[in-house]
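Peer 1: So that we are looking at the same thing, I have put the structure below in structure tokens.
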Amino acid sequence: MTHFGILCPSSPGHLNPMTALGKELVRRKHRVTLIQVPELESQALAAGLEFQAIGEKEFPPGVLAQKFAQLGQLSGLKAIAFTLDLIKQGGTIILRDAPEIVASSGIEALLVDQVSPESATVAKYLNIPFITICNALILNQEPGIPPFVTPWQRNTAWWALLRNGITYAVLERVARPVREVLDEYHRTWNLPLYKKVADSLSNLAQISQQPAEFEFPRMQLPECFHFTGPFVDSAGRKPIPFPYEKLTGQPLIYASMGTLQNQQQKIFQAIAAACEDLDVQLVISLGGGSTPETLPELPGKPLVVQYAPQLELLQKATLTITHAGLNTALESLSHCVPMVAIPITNDQPGVAARIAWTKTGEFVPLSRLSVSKLKAAIQQVLTEASYKQNALKLQQAIQQAGGVRRAADIIEQAIATRKPVLRHSSF
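Laid out in structure tokens, this is it:
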């Protein structure tokens, strides 16, 4: 039995898959402790995980929700800048608080989110093994792979490689304040500085919840990199009431802008207007960002709820309209539901690019969003059978990838042997 610690961002897109992974390890008789801000203790305990609080001064109950509400009103570069500020604050808290907690709790190995290099630093400082978990779009850089914040397709032409390189350099510059905090701790702890993203990744195992088929062709991933498909624990989700009696039997379009970027009413207005004249029933989930009563009356009178039981509705859906969050995209594909994406910020443009590349849907950039363009995309995906067929291929790929159980197998072998788990090996 191993005592694992989990370090990841506080947002649902990172926390939910990590919790599902932790729960699977608990099922296998391991101990798992979530190290997070106090507000998330109840979620950890409900999943059967242990909990240790960090950042109690900076994040008393209510502050996290307030931060997420602010983020929900932003898009594009402003949202990225706000996210980077959160990452810097969270990283500083982890570097300050986590080492003592990990050591005093007897944690023997860490599961660290790929977007949290400071968590890898904690493991290196304490000289304990760690596994890199990619809950968001994978960040491993290659010249031919566009940066995750862009909606560009993979292209190996010289100009595309140059464009990618320049954009990676800009991102590195933007993230410099975060890097400076890391560098300070590395010097204090006599650790080598991170020169590139790969320096902060595990050499035992790196695990992505994407299936390989939902990623651009990769040439430079390490042999210890594994695509396992999504980490989903449907039984662990809280039951969400929903007025199923109001479903009409028409083709169902499920629209959600996720749990963070969900407070831009103009997007919901455009979605409703685009579906108004179609023979469909539109269900809009506000993701907790607001309540149906606070919205003005929407065209076509869609069924609007504050929260929706997403997995249950995807079983009935014909199409998902999404912000291109990775979890919603993978859950849609797991249910063979094609998508129309409206990416807003962070890695969502990159997810939208992969939706287009796999031909499991189309996307409309937020900067070009109009009712006519959105309606055209919706009609195209609804009427062309190829999108559904391609979604079926991805559904099958996800089913064969192994999911949370395969991820747990890899983790167990890596920690038991302290040797890299190679993706072409059997375990």
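Counting from 1, one number per residue, gives the positions in the sequence shown under UniProt numbering.
We treat Cβ as the ideally placed atom computed from N, Cα and C, and that holds for glycine.
Output yes if chain D places a C-beta closer than 7 angstroms to the C-beta of residue 180; else output no.
Peer 2: Among the chains in the structure shown there is no chain D, since it carries only a single protein chain.
Peer 1: What residues are listed by DSSP as bridge partners for residue 339?
Peer 2: As a first step, residue 339 must be located in the sequence shown, where it is residue number 339. Paired residue(s): 320 and 361.
Peer 1: Excluding five sequence neighbours on each side, which residues of the same chain lie with their C-beta closer than 8 angstroms to the C-beta of residue 326?
Peer 2: Working through the sequence shown from its first residue, we reach residue 326 at position 326. If we look at residue 326 and ignore the five residues flanking it on each side, its Cβ neighbours are 13, 135, 136, 137, 209, 210, 347 and 351.
Peer 1: Spatial neighbours of residue 402 within its chain, please: C-beta separation below 6 angstroms, excluding the five flanking residues on both sides.
Peer 2: Locating residue 402 in the sequence shown gives position 402, where the first residue counts as 1. Closer than 6 angstroms at Cβ, skipping near neighbours: 228.
Peer 1: Within 10 angstroms of the Cβ of residue 374, are there 16 or more other Cβ atoms? Answer buried if so, exposed if not.
Peer 2: Mapped onto the sequence shown, residue 374 falls at position 374. The residue in question, residue 374, is buried, as its Cβ has 16 or more Cβ neighbours within 10 Å.
Peer 1: Going straight from the alpha carbon of residue 130 to that of residue 382, what length do you get?
Peer 2: Position 130 of the sequence shown, counted from the start, is the residue given in the question as residue 130. Position 382 of the sequence shown, counted from the start, is the residue given in the question as residue 382. Those two C-alpha atoms are separated by around 44 angstroms.
Peer 1: Let's see if you can read the secondary structure: which residues bound the beta strand (DSSP E) around residue 134?
Peer 2: The sequence position of residue 134 within the sequence shown is 134, counting from 1. 130-134 is the span of the beta strand (DSSP E), which, as asked, contains residue 134.
Peer 1: Would you report the Cα separation of residue 4 and residue 108, rounded to the nearest angstrom?
Peer 2: As a position in the sequence shown, residue 4 is number 4, starting the count at 1. As a position in the sequence shown, residue 108 is number 108, starting the count at 1. So the two alpha carbons sit approximately 6 angstroms from each other.
Peer 1: Quick one: measure Cβ to Cβ for residue 394 and residue 333, integer angstroms, because I've assumed they're closer than 8 angstroms.
Peer 2: For the purposes of this step, residue 394 is identified with residue 394 of the sequence shown, where counting begins at 1. For the purposes of this step, residue 333 is identified with residue 333 of the sequence shown, where counting begins at 1. About 4 angstroms; that satisfies the 8 angstroms criterion.
Peer 1: If you count every other CB in all the chains shown that lies within 10 Å of the CB of residue 424, and 16 or more means buried, which is it?
Peer 2: Taking the first residue of the sequence shown as 1, we reach residue 424 at position 424. The residue in question, residue 424, is exposed, as its Cβ has fewer than 16 Cβ neighbours within 10 Å.
Peer 1: Shortest alpha-carbon distance to residue 149 belongs to which of 349, 17 and 184?
Peer 2: Walking along the sequence shown from the start, residue 149 turns up at place 149. Nearest of 349, 17 and 184 to residue 149, Cα basis: 349.
Peer 1: For residue 233, collect the residues of the same chain with a Cβ closer than 6 angstroms to its Cβ; drop the 5 residues on either side in sequence, then sort them by chain order.
Peer 2: As a first step, residue 233 must be located in the sequence shown, where it is residue number 233. Closer than 6 angstroms at the Cβ level, and outside the excluded window around residue 233, lie 20 and 23.
Peer 1: Of the choices 179, 127 and 253, whose alpha-carbon is the least far from that of residue 281?
Peer 2: Counted from its first residue, the sequence shown places residue 281 at position 281. Closest option to residue 281, Cα to Cα, is 253.
Peer 1: Our contact map puts residue 324 next to residue 284 with C-beta atoms below 8 angstroms; I'd like the distance itself, whole angstroms only.
Peer 2: Here residue 324 refers to the residue found at position 324 of the sequence shown. Here residue 284 refers to the residue found at position 284 of the sequence shown. Rounded, the Cβ-Cβ distance is 16 angstroms, inconsistent with contact.
Peer 1: Is the Cβ-Cβ distance between residue 55 and residue 37 less than 7 angstroms?
Peer 2: By one-based count along the sequence shown, residue 55 stands at place 55. By one-based count along the sequence shown, residue 37 stands at place 37. Taking 7 angstroms as the Cβ cut-off, residue 55 and residue 37 qualify as a contacting pair.
Peer 1: Less than 8 angstroms between C-beta atoms, sequence neighbours within five positions excluded: which residues of the same chain meet that for residue 220?
Peer 2: The residue given as residue 220 occupies position 220 in the sequence shown. Closer than 8 angstroms at Cβ, skipping near neighbours: 140 and 142.
Peer 1: Could you say which of 57, 61 and 25 lies nearest to residue 41 if we only look at CA atoms?
Peer 2: Locating residue 41 in the sequence shown gives position 41, where the first residue counts as 1. For residue 41, the nearest C-alpha among the options comes from 61.
Peer 1: Could you check the C-alpha separation between residue 297 and residue 321 for me, to the nearest Å?
Peer 2: For the purposes of this step, residue 297 is taken as residue 297 along the sequence shown, with counting starting at 1. For the purposes of this step, residue 321 is taken as residue 321 along the sequence shown, with counting starting at 1. Spanning the two alpha carbons is a distance of roughly 19 angstroms.
Peer 1: Taking the alpha-carbon positions, what's the residue 420 to residue 274 distance?
Peer 2: The sequence position of residue 420 within the sequence shown is 420, counting from 1. The sequence position of residue 274 within the sequence shown is 274, counting from 1. Rounded to whole angstroms, residue 420 to residue 274 spans 50 angstroms at the Cα level.
Peer 1: Per DSSP, residue 27 is paired with what?
Peer 2: On the sequence shown, position 27 is the one that residue 27 refers to. Looking at the DSSP assignment, residue 27 forms no beta bridge with any residue, so it has no partner.
Peer 1: Take the Cβ of residue 32 as the centre, count every other Cβ of all protein chains shown within 10 Å, and call the residue buried at 16 or more, exposed below.
Peer 2: The residue you call residue 32 lines up with position 32 of the sequence shown. Residue 32 should be labelled buried.
Peer 1: Which first and last residues belong to the alpha helix (DSSP H) in which residue 125 is found?
Peer 2: Translated into the one-based positions of the sequence shown, residue 125 becomes position 125. First-last of the alpha helix (DSSP H) with residue 125: 117-126.
Peer 1: Would you say residue 207 and residue 133 are within 7 angstroms of each other, going by their C-beta atoms?
Peer 2: What you label residue 207 is simply residue 207 of the sequence shown in a count that begins at 1. What you label residue 133 is simply residue 133 of the sequence shown in a count that begins at 1. Against a cut-off of 7 angstroms, the Cβ pair of residue 133 and residue 207 comes out as a contact.
Peer 1: Residue 329 and residue 363 - do their beta-carbons sit closer together than 7 angstroms?
Peer 2: Taking the first residue of the sequence shown as position 1, residue 363 is located at position 363. Taking the first residue of the sequence shown as position 1, residue 329 is located at position 329. No. Outside cutoff.
Peer 1: Here's the rule: buried if 16 or more other CB atoms are within 10 angstroms of the residue's CB, otherwise exposed. What is residue 104?
Peer 2: In the sequence shown, the residue the question calls residue 104 occupies position 104. Exposed: under 16 other Cβ atoms inside 10 Å.
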